[in-house]
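Q: Just passing along the structure, written as structure tokens.
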Amino acid sequence: MSELIEADDLALLTSGFEAAMAEAPGPGEADQSLYDLGWAELLDAAPAQGAATAFSALGRSNSAASLLDDVVANALGIAVSLDTCVVFPSPHKATAPAQRRGDTVVIEGLVSARLEMANTAVLAVGNGEGAVATTVDTALLHVSAAKGVDPGHAYRRLSMEIAADALTPLATRGTWEAAVAAAQVALAHQLMGGARWMLAEARQHAIDRVQFSRPVASFQAIRHKLAESLVQFEGAASVAQGCLHDPDPLLAALAKSLAGQAALTTATNAQQVLAGIGFTAEHQFHRWMKRTLVIDTLFGSANSLPAEIGHNLLSEGSAPRLIQL
0 MSELIEADDL ALLTSGFEAA MAEAPGPGEA DQSLYDLGWA ELLDAAPAQG
50 AATAFSALGR SNSAASLLDD VVANALGIAV SLDTCVVFPS PHKATAPAQR
100 RGDTVVIEGL VSARLEMANT AVLAVGNGEG AVATTVDTAL LHVSAAKGVD
150 PGHAYRRLSM EIAADALTPL ATRGTWEAAV AAAQVALAHQ LMGGARWMLA
200 EARQHAIDRV QFSRPVASFQ AIRHKLAESL VQFEGAASVA QGCLHDPDPL
250 LAALAKSLAG QAALTTATNA QQVLAGIGFT AEHQFHRWMK RTLVIDTLFG
300 SANSLPAEIG HNLLSEGSAP RLIQL
């Protein structure tokens, strides 16, 4: 797939997205600002490249904008809008968030802050052979308040049962598998955007901080921590970049897994390099670290995806060449 957007235009879009995310106080305001900048048109014209651009900016700005709904909806072939809300799988999972049991549908998943603006939600229901897309009135969905390490994130838990006749079948051009792959690639770029910010903060601190009349950046242990993060980051970035031209589900899962591991490693190493100041609420590092812990769990995590990838490879009986070197 050829690039649809020139590098200069892409850089301008990136800076515009980051500025809009930084200025908007909450998910609703951020979403509206991004739509005003042409986010929906960008996603429609260049889905992979557009998502990579926006989610990289999302990671660097640490915004709680609810763009994942749009990425999944677009991959399913649904027109995106601020009225588009999607039910996502539970943390660490990538399977359909709902399962039908007789006349009842059991839902275990997540929804974003977009739920507050939408009238209907898109819900994938597993049927044993795959998943079918349906819609449900958002007034019927009851979510739990945000809890845990990062209450500022955009996602809320959804755990309930609903009558099957409350769901309306939805005709889609894309499959749930394609939607999962698109979400994993987008989230990989968000994780790498956050990792890039944390690594830059740690590097600058190492340059500025002086001990024994020398910048701590000159100490071998500090250099090793920063280098380890950079190596993992660049490896994950190369796989995620390959997904922009070949959105293979296996490659997408690998990109998300590697990006999650790289971001977690970077968070750990950056915390050690920042030392005492990294533990304070006054320093912004804790916000990126907490967001990394949340984003890593969406659509499979660095812990859950390797086993899933290995299981798929064993089932296929071979390991495909995912990237031509």
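If you're matching positions, the sequence shown starts at 0 in numbering that gives the first Met the number 0 and goes up one per residue.
For each residue, glycine too, the CB sits at the ideal point set by N, CA and C.
Assuming residue 159 is part of the beta strand (DSSP E), what are its boundary residues?
A: As a first step, residue 159 must be located in the sequence shown, where it is residue number 160. Unbroken beta strand (DSSP E) run through residue 159: 154 to 162.
Q: When every heavy atom of the ligand NAP is checked, does at least one fall within less than 7 Å of the C-beta of residue 156?
A: Although the ligand NAP was asked about, the structure shown includes no ligands whatsoever.
Q: Measuring only the C-alpha atoms, how far is residue 208 from residue 177?
A: Stepping through the sequence shown from its first residue, residue 208 is reached at position 209. Stepping through the sequence shown from its first residue, residue 177 is reached at position 178. One C-alpha to the other measures close to 47 Å.
Q: Could you tell me which residues DSSP pairs with residue 130 in its beta bridges?
A: Translated into positions along the sequence shown, residue 130 becomes position 131. Paired residue(s): 125.
Q: With respect to the alpha helix (DSSP H) encompassing residue 55, which residues constitute its N-terminal and C-terminal limits?
A: Against the sequence shown, residue 55 aligns to sequence position 56. Residue 55 -> alpha helix (DSSP H) spans 46 to 60.
Q: Within 10 angstroms of its Cβ, does residue 276 collect 16 or more other Cβ (buried), or is it exposed?
A: Looking up residue 276 in the sequence shown gives position 277. Exposed is the call here.
Q: Along the beta strand (DSSP E) that carries residue 109, what are the first and last residues, could you check?
A: Taking the first residue of the sequence shown as position 1, residue 109 is located at position 110. That run of the beta strand (DSSP E) goes 103 to 111.
Q: Since residue 299 and residue 183 are thought to touch, with beta carbons under 8 Å apart, how far apart are those beta carbons, to the nearest angstrom?
A: To locate residue 299, count along the sequence shown from 1; it is residue 300. To locate residue 183, count along the sequence shown from 1; it is residue 184. That pair is a contact at about 7 Å.
Q: Can you give the beta carbon distance from residue 264 to residue 228, rounded, assuming they're within the 8 Å contact cut?
A: Along the sequence shown, one-based indexing puts residue 264 at 265. Along the sequence shown, one-based indexing puts residue 228 at 229. At roughly 6 Å, the Cβ-Cβ gap stays under 8 Å, so residue 264 and residue 228 are in contact.
Q: In whole angstroms, what is the alpha-carbon distance linking residue 147 and residue 156?
A: By one-based count along the sequence shown, residue 147 stands at place 148. By one-based count along the sequence shown, residue 156 stands at place 157. Rounded to whole angstroms, residue 147 to residue 156 spans 11 Å at the Cα level.
Q: Under 8 Å by Cβ, that's how I've got residue 137 and residue 122 pegged, so tell me the actual separation to the nearest angstrom.
A: Position 138 of the sequence shown, counted from the first residue, corresponds to residue 137. Position 123 of the sequence shown, counted from the first residue, corresponds to residue 122. Going by Cβ atoms, the distance from residue 137 to residue 122 rounds to 10 Å, so no, they are not a contact pair.
Q: Taking the C-alpha atoms as reference points, what is the distance between residue 53 and residue 94?
A: Mapped onto the sequence shown, residue 53 falls at position 54. Mapped onto the sequence shown, residue 94 falls at position 95. Cα to Cα, residue 53 sits roughly 25 Å from residue 94.
Q: Roughly how many angstroms separate the alpha carbons of residue 92 and residue 214, rounded to a whole number?
A: Sequence index remark: in the sequence shown, residue 92 carries index 93 (1-based). Sequence index remark: in the sequence shown, residue 214 carries index 215 (1-based). Going by the C-alpha atoms only, they are around 43 Å apart.
Q: Locate the beta strand (DSSP E) running through residue 100, then write down its first and last residues.
A: Locating residue 100 in the sequence shown gives position 101, counting from the first residue. Here the beta strand (DSSP E) through residue 100 covers 97 to 100.
Q: By Cβ distance, which residues of its chain are closer than 7 Å to residue 149, with the 5 residues on each side in sequence left out?
A: Mapped onto the sequence shown, residue 149 falls at position 150. Cβ within range, chain order: 289, 290, 292, 293.
Q: Alpha carbon to alpha carbon, what distance is there between residue 101 and residue 329?
A: Outside the displayed span of the chain (0 to 324) sits residue 329, for which this structure offers no information.
Q: Using the C-alpha atoms, what's the distance from residue 164 back to residue 235?
A: Residue 235 sits at position 236 when you count from the first residue of the sequence shown. Residue 164 sits at position 165 when you count from the first residue of the sequence shown. If I take the Cα positions, the gap works out to 43 Å.
Q: Does DSSP put residue 210 in a helix, a strand or coil?
A: Position 211 of the sequence shown holds residue 210. Residue state, collapsed to three classes: strand.
Q: Among 78, 118, 103, which one has its Cα closest to the Cα of residue 173?
A: By one-based count along the sequence shown, residue 173 stands at place 174. Comparing Cα-Cα distances from residue 173 to each of 78, 118, 103, the minimum goes to 78.
Q: Helix, strand or coil for residue 149, going by three-state DSSP, please let me know.
A: Here residue 149 refers to the residue found at position 150 of the sequence shown. Coil, per DSSP.
Q: In chain order, what residues of the same chain lie with their CB nearer than 6 Å to the CB of residue 62, ignoring the 5 residues before and after it?
A: Position 63 of the sequence shown, counted from the first residue, corresponds to residue 62. Hits under 6 Å: 20, 29.
Q: What number of angstroms, rounded off, separates the C-alpha of residue 105 from the C-alpha of residue 129?
A: As a position in the sequence shown, residue 105 is number 106, starting the count at 1. As a position in the sequence shown, residue 129 is number 130, starting the count at 1. Taking the straight line joining both Cα atoms gives about 16 Å.
Q: For residue 152, does the count of other Cβ atoms within 10 angstroms reach 16, so buried, or fall short, so exposed?
A: Counting from one through the sequence shown, the residue named residue 152 turns up at place 153. Buried, by the Cβ-count rule.
Q: Alpha carbon to alpha carbon, what distance is there between residue 278 and residue 327?
A: The structure shown does not extend to residue 327, since the chain is modelled only from 0 through 324, so no value can be given for it.
Q: Can you grab the Cα-Cα spacing for the pair residue 58 / residue 194, in whole Å?
A: By one-based count along the sequence shown, residue 58 stands at place 59. By one-based count along the sequence shown, residue 194 stands at place 195. Those two C-alpha atoms are separated by around 8 Å.
Q: Return yes when the Cβ of residue 232 is within less than 8 Å of the Cβ of residue 187, no when it is not.
A: By 1-based counting over the sequence shown, the position of residue 187 is 188. By 1-based counting over the sequence shown, the position of residue 232 is 233. No, Cβ-Cβ distance for residue 187 and residue 232 is not below 8 Å.
Q: Please classify residue 167 as buried or exposed, where buried requires at least 16 neighbouring CB atoms within 10 angstroms.
A: As a first step, residue 167 is located in the sequence shown; it is residue number 168 there, counting from the start. Looking at its Cβ environment, which holds fewer than 16 other Cβ atoms inside 10 Å, residue 167 is exposed.
Q: Considering only residues of the same chain and omitting the five flanking positions on each side of residue 107, which have a CB-CB separation below 7 Å?
A: On the sequence shown, position 108 is the one that residue 107 refers to. Once the five neighbours on either side are set aside, the close Cβ partners of residue 107 are 89, 96, 158.
Q: Under the rule that 16 or more other beta-carbon atoms within 10 Å means buried, what is residue 271, buried or exposed?
A: As a working note, residue 271 is residue 272 in the sequence shown. Its Cβ having fewer than 16 others within 10 Å, residue 271 is exposed.
Q: For the stretch 255 to 304, which segments carrying the alpha helix (DSSP H) assignment without a break, of at least 4 residues, lie completely within its bounds, in sequence order?
A: Within the stretch 255 to 304, the complete alpha helix (DSSP H) runs of at least 4 residues are 284 to 294.
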